[in-house]
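In our numbering, the protein residues as written are 1 to 429.
If you want it as structure tokens, here you go:
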């Protein structure tokens with residue numbers, strides 16, 4: 001298994017940070033364990049470097065001529081294996097060793113065209129939140145893939161919002177060799193059926209009530225649940241009373257709503273939310289109609305469960321999805337020596353070939369970093385502890401994309417798997 005070379009660095013001067021990253025990449029590419037001629041580069045920079053985005057891309061492209069395709073974006077923070085850089089100048093790069101006929105960078109001038117020779121199976125997506133109708137565009141893009149599975153996030157920046165999209169093929173006729181730093185819309189890289197992925201979504205919150213069916217709604221107000229006034233149901237589930245308004249308000253401020261549609265998995269048997277659940281804030285109550293207002297437009301027939309987000313819930317759910325990925329990738333039957341190696345303490349810091357992880361992308365909400373997990377870097381430490389010190393890059397987003405949904409306050413972890421026995425399966429989450 002060839003690992004994907006990756007590098008990350010922080011420095012007040014972007015030239016120095018690029019130099020540090022290039023040194024890491026070249027050292028790994030000279031190692032027998034890593035790919036020596038990868039064609040796809042994933043590039044994530046913090047908004048401190050937004051003004052130098054084109055210069056950074058030009059420098060990396062010149063120093064790494066074998067990398068013909070680039071995708072990425074800007075975030076208020078970026079991450080790498082066991083490291084996160086939030087509110088500081090930094091970049092994170094991974095070079096993916098994937099067959100050229102199995103990748104296609106796309107953007108507004110390099111669209112994923114229906115019926116083209118390349119058939120998108122899944123796609124990594126970066127989107128500008130200021131683009132009108134982003135949720136609809138995400139859903140439409142998902143329909144262009146064979147599996148309907150997307151993973152990615154919304155660019156986040158306190159200055160310029162941008163994306164990287166350089167493709168060696170797939171340009172619109174008449175546009176020439178268009179590519180580079182772009183603004184607006186959606187971009188990313190689509191993968192063919194020959195790229196094996198495993199993905200999971202962590203909501204970072206746990207249900208604190210049973211599921212209820214939405215039986216009445218008006219705009220963004222839940223009017224009735226299971227035929228009962230929604231406000232009364234919420235008060236009973238949270239064990240609070242309007243007769244003690246201050247205490248009730250404190251509890252409601254910590255409570256959110258998890259929504260799922262008919263046919264989707266809501267609260268699973270494990271007590272965790274399924275992958276299709278979207279979590280939204282409670283934004284008010286309507287005492288006159290005994291309703292509950294949420295940051296979504298619920299539909300009659302959907303199911304909801306009240307939930308809460310805290311450090312313990314976030315850590316537990318992230319640990320859960322990492323364990324699920326690890327268990328899925330470890331072979332069911334392994335030699336005794338391999339089993340012992342996987343269970344050994346050093347397996348936590350070294351990627352074991354039996355797991356077949358070549359690289360990983362982790363996209364987390366900008367509101368989850370640091371204190372949300374109890375300490376700076378704790379979020380990435382959990383991932384490393386579960387998967388080993390695998391190549392990993394990502395960014396802290398203004399919203400997360402998984403399947404055909406747009407999420408908030410979640411983490412989306414996707415791993416690239418070395419050639420497996422079964423080819424063409426959709427990623428699971």
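We put the beta carbon where it would ideally sit given N, CA and C, even for glycine. Owing to the predicted nature of the structure, the values given are computational and were not obtained by experimental measurement.
Touching by the beta-carbon criterion (3+ pairs, under 8 Å), the stretch 92–106 and the stretch 384–397 | yes
For residue 182, count neighbouring C-beta atoms within 10 Å of its own C-beta (all shown protein chains included) and say buried if the count is 16 or more, exposed if not.
-> buried
With distances taken from CA atoms, which of 281, 237, 148 is nearest residue 212?
-> 237
Got a sec, what are the start and stop residues for the beta strand (DSSP E) residue 78 sits in?
-> 77–80
Tell me residue 202's beta-bridge partners as DSSP assigns them.
-> 411
Fully enclosed by the stretch 197–251, which beta strand (DSSP E) runs are 3 residues long or longer?
-> 212–218, 221–225
Unbroken stretches of the alpha helix (DSSP H), 4 residues or longer, contained in the stretch 108–179 = 134–143
Residue 173, buried or exposed, once every other Cβ within 10 Å from all chains shown has been counted against 16 | For residue 173, the predicted model reports a pLDDT of 43, less than 50, meaning its position is unreliable; a value from the coordinates is still stated below. Exposed, by the Cβ-count rule.
So does the stretch 141–148 actually touch the stretch 56–67, counting three or more Cβ pairs closer than 8 Å?
-> no
Which residues does DSSP pair with residue 395 in a beta bridge?
-> 78, 363
With which residues is residue 286 paired in a DSSP beta bridge?
-> 291
Taking Cβ positions, are residue 30 and residue 66 nearer each other than 7 Å?
-> no
In chain order, what residues of the same chain lie with their CB nearer than 8 Å to the CB of residue 198, ignoring the 5 residues before and after it?
-> 325, 328, 329, 414, 415, 417, 427, 428
Where does residue 69 land, buried or exposed, given buried means 16+ other C-beta within 10 angstroms?
-> buried
For residue 403, which of helix, strand or coil comes out of DSSP?
-> strand
For residue 421, which three-state DSSP category applies?
-> Confidence at residue 421 is low in this model, with a pLDDT of 43, below 50, so the placement of that residue is unreliable and no value is reported for it.
Would residue 317 be called buried (16 or more neighbouring beta carbons within 10 Å of its own) or exposed?
-> buried
Can you pull the DSSP bridge partners for residue 308?
-> 206, 255
Counting Cβ pairs closer than 8 Å, one from the stretch 186–193 and one from the stretch 120–129, do we hit at least three?
-> yes
So what's residue 280 in DSSP terms, helix, strand or just coil?
-> strand
Beta-carbon separation of residue 156 and residue 51 under 7 Å?
-> no
Would the beta-carbon of residue 159 fall within 7 Å of that of residue 384?
-> no
Rounded C-alpha distance that separates residue 277 from residue 292 = 19 Å
Leaving out five residues on either side along the sequence, give the residues of the same chain with a beta carbon under 6 Å from the beta carbon of residue 287.
-> none
Starting from the Cα of residue 101, find the closest Cα among 44, 192, 16 and give me that residue.
-> 192
Hey, out of 234, 215, 235, 220, whose CA is closest to residue 227's CA?
-> 215
Excluding sequence positions up to five away, which residues of its chain have a Cβ less than 8 Å from the Cβ of residue 85?
-> 8, 10, 46, 77, 78, 79, 92
Count the other CB atoms, across all protein chains shown, that sit within 10 Å of the CB of residue 140; report buried if there are 16 or more and exposed otherwise.
-> exposed
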